[in-house]
Amino acid sequence: MQELVKKAKELIESKEVDLLIGYQSDGEKGAKPLFVKNTQQAEKLIFNQYCLNNLVTYLKRPDVKALKKVAVVAKGCDIRSFVMLLSENQVSRDAIFIIGMTCDHVVSPDGTGENEKCTTCKVHNPHLADVVLGAPVPEKIAKDKPVHYAQLEKLNAMSQEERWAFWQEELSRCIRCYACRQACPLCYCERCIVDFNTPQWIDTRSNPRGNFAWNIVRALHLAGRCINCGECERVCPANIPLMLLNQSLQEEAQEKFAWEAGYDPESQPPLTTFRKEDDEDFIR
Amino acid sequence: MARIGVFVCWCGSNIAETVEVSKVAEVSKSIPGVVYSVDYKYMCSDPGQELVKNAIKEYKLTGVVVASCSPRMHEKTFRKAALEAGLNPYMLEMANIREQCSWVHNNMDEGTQKSIDLVRMMVEKVKRNKPLDDISIPVTKKAMVIGGGVTGIQAALDIASGGIPVVLVEKESSIGGKMSALDETFPTLDCSQCILTPKMVEVAQHPLVQIISYAEIEKLEGFVGNFKATIRKKARYVDVDACTGCGTCWQKCPVKVDSEFEQGLGKRKAIFIPFPQAIPSRPRIDAENCLKLTKDRCGICEKVCPTKAIHYDDKDEFMEVEVGAIVVATGYKIMPVSAFPEYGGGQYPDVVTSLQFERMVCASGPTLGDLKRPSDGKLPETVVFVKCVGSRDPEHYHSYCSKICCMYVAKQTMLYRHKVHHGNCYVFYIDVRSNGKNYEEFVRRAQEQEGAQYIRGRVSSIYKDGDDMVVEGADTLTNSQIKVKCDLVVLATAMEAPDGIKQLAQKLGIGYDQHGFLTEAHPKLRPVETATAGIFLAGCALSPRDIPDSVSEGSAAAAKVLGLLSKDTLDKEGVVAIVNELTCVGCQNCIRVCPYNAIELKDICNRQGELQRQVAHVNPGLCTGCGTCTPSCPSRSIELQGFRDTELYAEINALAEL
Amino acid sequence: MKYGYYPGCSAKSTAPELDATTLALIDFLHLDIKELKDWVCCGASSMHSVDKVLHTALSVMTLDAANAEERDIMVQCPACLAHVLEAKEVLSKDSELKSDVLEAVGKQVDANMKIRHFSSILHDEYGLDKIREKVTNPLQSLSIASYYGCLIVRPPERMQYDDPENPMVMDQLMSTCGAEIVQWPFKTKCCGAGTAISDTDVSLDLTYEILRMAKNNGAECICVLCPLCQNNLDLRQKKIEQRYGEKLNLPVLYYTQLLGLAFGLDPIMLQLNRLFVDPFPLLKRKGIL
Amino acid sequence: MAEYYITQSKMTALLKELASDSGMEVFGPVKKGNDVFISKMDGKTELCLDYFISVNSIKEAIFPRFEPILKYKLRSEGVELAELPPIKPLVVFGGHPCDAASIPLMKDLFSWDYKDHFYLQRLEKVVIITLACVEKDENCFCTSLGGSPHGETGSDILLERVSKDGWQAKIVSEKGKKFIETHLDFFRDTITPEKGIPKLQDKDIPVMFQSDRVKKWIEKNFDHPLWEEVASNCWSCAACTYVCPTCHCFDITDDATMWEGVRTKNWDACTLPFFTKHASGHNPRSQSYERYRQRISHKYSYYIDLFNHVSCTGCGRCSRVCKAGVNILDIVKRIDEESKKGEK
Amino acid sequence: MSENWEPKIITFVCNWCTYAGADLAGTSRFKYASNIRIIKTPCSGRIDPMFIVSAFEKGADAVLISGCHPGDCHYNEGNYNARRKFTMMKRLLDTLGVDTRRVVFAWCSASEGIKFSRLVNEVTESIKKLGPYTDYHSLNQEER
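Sequence lines, in order, name chains A, B, C, D and E. Going by numbering that gives the first Met the number 0, the first sequence opens with residue 0, and the numbers climb by one from there. Going by numbering that gives the first Met the number 0, the second sequence opens with residue 0, and the numbers climb by one from there. Going by numbering that gives the first Met the number 0, the third sequence opens with residue 0, and the numbers climb by one from there. Going by numbering that gives the first Met the number 0, the fourth sequence opens with residue 0, and the numbers climb by one from there. Going by numbering that gives the first Met the number 0, the fifth sequence opens with residue 0, and the numbers climb by one from there.
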């Protein structure tokens with residue numbers, strides 16, 4: 000932690016950055032975001048397995064964008080979302096100082112055990128950072144090995160009717176608080192499509208139709224872009240298993256387009272490009 | 000408040016037979032916003048159009064729906080009428096109740112109900128349409144003709160004669176195409192070279208025509224009036240400007256290979272011109288057979304060249320030309336005998352294609368016009384011609400008729416009999432199609448005066464028995480099997496789309512059919528246009544044609560080009576994308592998916608000139624209105640005018656149940 | 000490779016040399032091919048025009064026999080091959096015929112097995128390279144015209160044998176054995192065996208053309224795979240010679256016999272002595288025997 | 000006054016019975032994952048009676064997430080108003096006193112300048128059965144706002160736990176009384192109070208700030224940098240407002256096909272970025288801390304001006320639900336401290 | 000299912016291939032079921048996956064989407080982009096338990112009038128067998 004605090008103080012003192020976004024502790028087994036603007040605040044910085052938040056999400060905010068330079072504490076998984084923001088012209092590399100943290104794993108959202116997302120992680124060691132802190136962690140999965148999400152299996156094993164019933168039940172609790180959208184580092188539209196009413200593509204009411212359409216469009220807009228940080232599901236007050244949707248599309252992108260998001264800032268997200276020989280078995 | 004008029008057409012009985020038009024008009028009145036509706040027998044007629052125009056004025060219509068035929072048919076007609084009545088033409092939409100309703104359904108109730116729905120959808124759309132202005136774009140007054148056969152030559156000459164510069168791109172090292180290899184032509188029996196060569200010279204000498212031979216199209220960008228073509232000039236190893244065409248090199252070259260021009264019946268050198276009258280009369284080196292280029296030996300041509308025009312290190316070059324219009328006259332190829340295993344599959348030299356036969360009888364051919372059969376040089380005493388080889392045979396080869404074989408086979412029987420007065424010639428045929436000026440007379444002359452014996456039936460197999468070729472087939476007139484011993488068999492093999500045509504079509508963004516022939520915008524009314532504005536077609540690129548047809552089409556396409564390029568600017572439909580800069584976040588999705596590179600990032604700065612953010616910006620001149628950008632935009636900040644989300648959504652919404 | 004051998008009725012009656020040489024080759028090459036226990040006559044050449052259902056049922060029973068032994072099917076007679084392939088087609092999609100046939104057979108029969116001619120198996124499963132290794136007695140300078148007959152390649156969609164106009168399977172087998180192969184146009188011409196009894200003249204005309212063409216193209220003997228062709232070309236050759244006044248003297252051997260020779264198997268075991276046109280003088284002249 | 004008791008199993012049976020009767024809407028606690036939600040039940044819903052506090056408040060039972068307020072059909076003759084669904088009697092079970100305490104607050108609001116008969120009618124028809132608290136966590140602060148873990152405000156019946164599987168039912172209102180009398184069979188058992196059943200006293204939840212002092216500070220410190228400091232990690236979702244028992248903003252939306260339409264009252268939230276966005280594109284509360292400032296100021300200052308009450312019951316739901324780490328109690332405590340400093 | 004229920008099939012086509020193909024079906028008088036309602040877009044690239052959702056919301060029993068064959072796109076690559084979007088959308092709908100037998104994607108060229116008419120008939124027949132899409136339509140309730 001000394002390292003982190005020291006680096007933060009250095010950055011703040013030298014005025015290299017106007018703001019540093021990191022973690023502070025929140026109770027014994029918790030952590031929450033911390034906006035650091037002076038060295039005194041920097042003292043509070045921590046990093047541990049409770050640091051679940053993807054702080055890159057704050058980089059999309061206009062007031063943060065307006066700053067000259069911002070430092071952000073980020074795990075490898077969070078950096079994948081930064082890579083996507085870079086590739087989509089949402090951040091300027093020069094305006095962000097990334098304090099990459101090596102990370103063996105974080106806890107699951109309920110605070111018990113290893114987070115599921117860490118079992119498929121290929122970037123325990125940050126792949127893009129201005130400084131990397133922490134001891135290197137051995138990578139368990141090769142970069143080119145396709146990721147498979149075990150929790151999808153149950154869903155995939157269901158019949159179509161069962162899946163329909165499953166999701167209708169889950170989505171009935173959606174209150175359309177848009178926590179999923181707001182917490183997502185890649186939902187950065189100035190005006191979300193749900194707030195667009197000519198035409199009103201998505202019913203804004205939290206009725207079955209609106210909830211279904213909203214969750215379709217959210218997943219669809221993340222198709223090929225989601226980097227599996229799991230924030231949407233974690234912040235959902237209604238405990239809707241949103242990552243099932245994201246992960247299903249991640250697998251599709253992997254299977255059909257050989258694509259995994261958030262590793263290479265030079266590559267284009269799969270839905271903005273194509274190969275002539277793309278699979279089209281489903282087209283008559 | 001929208002004031003919509005609905006005009007329901009009977010199209011005589013075409014629509015009225017399956018759709019209760021009066022009911023459609025009546026029900027339309029109940030659609031919110033519709034203030035006027037009427038049905039009429041022929042809406043596209045002058046009185047019909049007057050009806051629309053008068054109603055626009057009288058009822059102060061803000062939008063019009065014409066329920067009639069496909070918009071591909073008459074959208075332009077009615078939009079023009081709307082404009083004349085003072086209504087923005089984009090405020091008129093058509094409900095397609097003919098092609099997509101009355102003609103495909105039988106039941107009156109279903110047809111009527113569907114028509115009402117289609118009208119309602121378009122009313123809802125047009126209510127949300129916004130007036131659009133056409134976009135005026137400058138025109139490059141230059142044309143490109145792809146293909147230097149007789150069709151392309153004619154097109155290039157006619158365009159150039161109209162004062163428009165032309166770039167004529169030819170795949171081979173000389174222009175002239177297939178016609179340059181023919182002996183005499185039907186039905187006049189005048190010498191092909193004699194009538195073609197002057198045209199080749201004329202086009203070569205025309206000050207406005209630039210011939211780029213041994214070249215292919217690499218890439219095409221842009222749009223009507225403003226194309227930018229990248230042409231690959233294939234490595235020729237001969238500096239065309241330095242070379243004088245003296246011929247020393249090809250006389251001295253030690254390598255002999257089969258000549259493509261002679262259809263493999265004669266030889267050429269590794270440095271060669273395809274035929275003596277070639278234009279440009281500059282040789283090229285065949286890199287696959289040249290000893291210098293393959294084995295780094297020889298090099299004689301370089302040594303003997305008086306103008307030092309040989310460059311063994313020549314590479315493909317790329318040149319870009321900007322043109323306003325393009326004529327595609329890429330011609331055809333004929334199927335080789337090797338495609339027909341049942342007819343010997345190319346294993347018997349004495350089974351030849353008709354194009355080979357042309358060279359065998361041609362005075363400038365490999366035998367200088369002495370008819371000798373390829374295997375042993377013997378004068379063929381009996382020749383069998385087989386028609387429809389590969390044509391009209393949907394089970395094995397092509398379903399279409401190659402159109403010209405009937406005529407040239409008749410001609411070839413005559414050419415044969417003129418050479419071998421005592422010779423026998425037989426023609427296996429399915430039908431004789433001779434529908435052209437003086438064609439029927441010509442065929443009858445072959446049959447009645449020139450001694451060609453026509454046998455109606457197909458050939459089942461051809462084989463060699465001793466010295467003879469044996470043709471086995473059926474004579475369906477006598478209902479018997481027939482076996483003809485002969486010295487030479489000429490197969491009138493099918494005309495096919497040439498190799499690489501699909502790739503070319505894809506580069507140009509034009510359509511082709513299942514055979515690979517390019518598709519016209521309309522088979523009857525727009526026969527030389529493609530669906531892509533500014534690109535025209537002529538000759539055998541479309542389907543098999545004879546010389547007069549091809550030449551006429553070359554001229555027709557040229558007329559289209561001249562019409563297009565006669566103006567300084569071109570009006571382009573206002574259906575282009577537009578960005579909402581307030582909500583765009585510059586994620587570049589639209590930029591990445593745009594097939595025309597019509598979108599770029601634009602900086603939004605504050606008053607101090609400091610960069611605030613970046614947004615997408617559409618160049619309306621480059622935008623072709625495909626709309627691929629819209630669904631790629633998560634925040635719907637880019638919309639295709641004329642097909643905005645709200646307009647299409649209104650169509651869907653119009654289908655919600657009552 | 001695990002096949003059940005379906006010899007068909009000819010190999011067990013008029014063409015025992017085909018059966019014998021087939022078994023000899025299987026043995027010599029150590030192939031996992033075993034005669035099916037319960038194969039049934041395919042009903043050629045008349046059954047299919049009498050009763051479609053029973054005709055198909057016959058072949059389905061053979062398929063069932065292969066299923067019982069969990070083997071793919073190896074066939075020698077082209078007619079048998081055509082009929083079992085046809086039966087497999089019938090079983091592959093639902094139709095009235097299929098249900099009628101299964102009712103006649105009295106059980107559900109799956110048709111997922113491979114069905115191939117022995118020459119195809121040797122040609123591309125066993126492989127020409129391995130055959131070449133086994134050749135100890137090359138058929139050098141023996142000019143062989145391979146005659147495939149009309150059945151093995153037709154209809155091409157069903158038989159999937161080789162190019163229907165110019166098959167090369169036997170030619171390649173023979174050239175692998177060191178023989179000179181003759182390119183000639185009548186490889187798949189009909190020999191008329193079907194009319195040999197009812198209208199012998201037609202059959203004789205056709206067979207004469209084939210023999211003559213082979214000879215004119217330089218063949219010293221003919222290699223066949225169909226027991227009916229063999230019969231027609233071999234048995235009737237003498238009669239043809241008399242009728243057309245032309246000496247032909249073209250031995251007609253099964254490809255299995257020729258392969259056996261190249262492998263150095265005993266000519267009597269190969270039943271060369273059973274042929275009507277005596278091959279021994281030719282083979283001796285060529286130094287093969 | 001007679002004493003009423005009810006066992007857990009009877010309560011479950013009662014709610015299930017009521018839920019099966021289509022004439023009535025029933026809301027009760029349903030478990031999902033590790034959390035409990037007050038959800039609309041049908042006869043088959045499995046109730047959860049072993050929980051600390053539900054994620055959502057009882058608000059949505061009486062003030063639905065969305066509610067049609069006008070329906071029409073378009074006919075060739077003109078517009079025809081369509082009937083709205085009737086407001087059914089309803090029972091809400093499973094809230095705590097901090098839920099029920101919101102009822103008078105919300106009533107003030109919905110019967111203020113405009114009488115919202117949708118809310119008021121439903122309020123008339125609702126029976127609120129509240130569970131007195133037996134547990135608390137670090138986010139609870141009802142006592143700081145005059146509430147109590149066993150407060151009766153807003154409830155019709157208050158259930159106090161007396162044994163492992165039973166409650167004593169306290170009638171709070173006439174509606175409550177009528178309800179018990181109607182379903183007397185279920186309340187008839189006598190349960191002997193067991194020892195060791197935890198009871199939460201007011202003192203177990205210490206008072207942590209003075210709301211009047213907080214109001215004073217808010218009134219004077221609109222531009223204080225503290226706002227940005229405490230709320231800059233807010234990422235502007237509506238989770239806090241939607242689980243809040245007193246947040247009451249709504250939006251009116253129209254939804255129409257060609258032939259019919261419906262106008263709906265829909266939850267909305269001042270924390271969402273678009274809440275104050277003008278048609279011009281300008282947004283007076285463009286930053287997340289500004290929006291959160293509005294939320295706190297509204298509850299702790301502006302609402303008092305209008306209705307003489309803090310619009311917060313101290314249930315702590317917003318803090319529990321916020322994964323950005325915005326904690327209302329921490330913030331109000333900070334403000335209170337700042338205010339105290341100022342007083343000195 | 001009512002006696003005379005007929006499926007409602009909302010169809011999105013590109014202007015250059017499938018719309019023209021449908022016109023060709025018309026000029027050739029190839030009859031087909033009258034259950035489809037065609038919405039024309041310039042290019043399959045313009046067809047938004049959300050159209051599918053809207054169509055079902057508005058009571059469609061099936062959605063048919065058709066554009067130019069790969070390589071034939073009038074705009075060169077619009078259909079390639081569309082194909083990727085459709086791939087994702089199909090997977091998503093599958094994951095969500097939407098009956099994707101009711102979402103049919105096809106390529107149909109301007110010369111395939113016969114394919115178009117067959118396609119419409121096949122889809123109509125299959126949807127008739129499946130019945131109305133009551134599952135999705137039941138989402139349209141206005142009350143909680």
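We put the beta carbon where it would ideally sit given N, CA and C, even for glycine. In this text the structure is predicted, and so the values were computed from the model without any measurement.
Annotated as distal: Cys100/B and Thr76/B, with beta-carbon spacing of 8 Å or more. The segment 112-123 of chain C and the segment 61-75 of chain C touch, with no fewer than 3 CB-CB distances between them shorter than 8 Å. Residues of the segment 277-303 of chain D that bring their beta carbon within less than 9 Å of a beta carbon in chain A comprise Ser285, Gln286, Ser287 and Tyr288, in sequence order. Against chain D, a Cβ distance below 7 Å from Ala655/B picks out Thr256 and Met257. Close to chain E, meaning a Cβ-Cβ distance shorter than 9 Å, are the following residues of the segment 131-165 of chain A: Leu151, Leu154, Asn155, Met157, Ser158, Gln159, Glu160, Glu161, Arg162, Trp163, Ala164 and Phe165. Contacts with chain A (Cβ-Cβ distance below 9 Å) from the segment 82-93 of chain E involve Arg82, Arg83, Lys84, Phe85, Thr86, Met87, Met88, Lys89, Arg90, Leu91, Leu92 and Asp93, listed in chain order. Legend: CB atoms of the segment 476-490 of chain B lying less than 8 Å from CB atoms of chain C are not found in any residue.
Contacts with chain B at 8 Å (Cβ-Cβ) include Ser75/D.
A residue is called buried when at least 16 other Cβ atoms come within 10 angstroms of its Cβ; Val327/B meets this threshold and is buried. According to DSSP, Trp216/D shares a beta bridge with no other residue.
Assignment of Met105/D by DSSP, reduced to helix, strand and coil, places it in the helix class. At a beta-carbon threshold of 8 Å, the residues of chain C lying near Glu341/B are Glu164, ordered along the chain. Around the beta-carbon of Thr152/D, 16 or more other beta-carbon atoms lie within 10 Å, marking it buried.
For Met212/C, the neighbours in chain B by C-beta distance under 7 Å run, in chain order, Asp464.
Taking the beta carbon of Ala105/E as reference, the chain A residues within 7 Å of it are Ile282 and Arg283, listed in sequence order. Under the Cβ distance rule, Pro186/B does not count among the residues neighbouring chain A, no pair being separated by less than 8 Å. Between Ala557/B and Lys566/B, the alpha-carbon positions lie close to 15 Å from each other.
With 16 or more other Cβ atoms inside 10 Å of its own Cβ, Thr123/E counts as buried.
Per DSSP, the beta-bridge partners of Asn225/B are Phe222/B. Its chain contains Tyr342, Gly343, Gly344, Gly345, Val350, Val351, Thr352, Leu490 and Thr492 as the residues whose beta carbon lies nearer than 8 Å to that of Val336/B, once the 5 sequence neighbours on both sides are disregarded; these appear in chain order.
Taking the CA atoms as reference points, Thr629/B sits about 51 Å from His310/B. By the Cβ-count criterion, Trp4/E is exposed, with fewer than 16 other Cβ atoms from all chains shown falling within 10 Å of its own Cβ. In the DSSP assignment, Ile143/C falls outside any alpha helix (DSSP H) and within the unbroken beta strand (DSSP E) covering Ser142 to Tyr146. Residue-level contact check: Glu142/E touches chain D, since one or more beta carbons of chain D fall below 8 Å from its beta carbon. For Ser191/B, the three-state secondary structure derived from DSSP is helix. The DSSP assignment places complete alpha helix (DSSP H) segments of no fewer than 4 residues inside the segment 343-398 of chain B at 353-360, in order along the chain.
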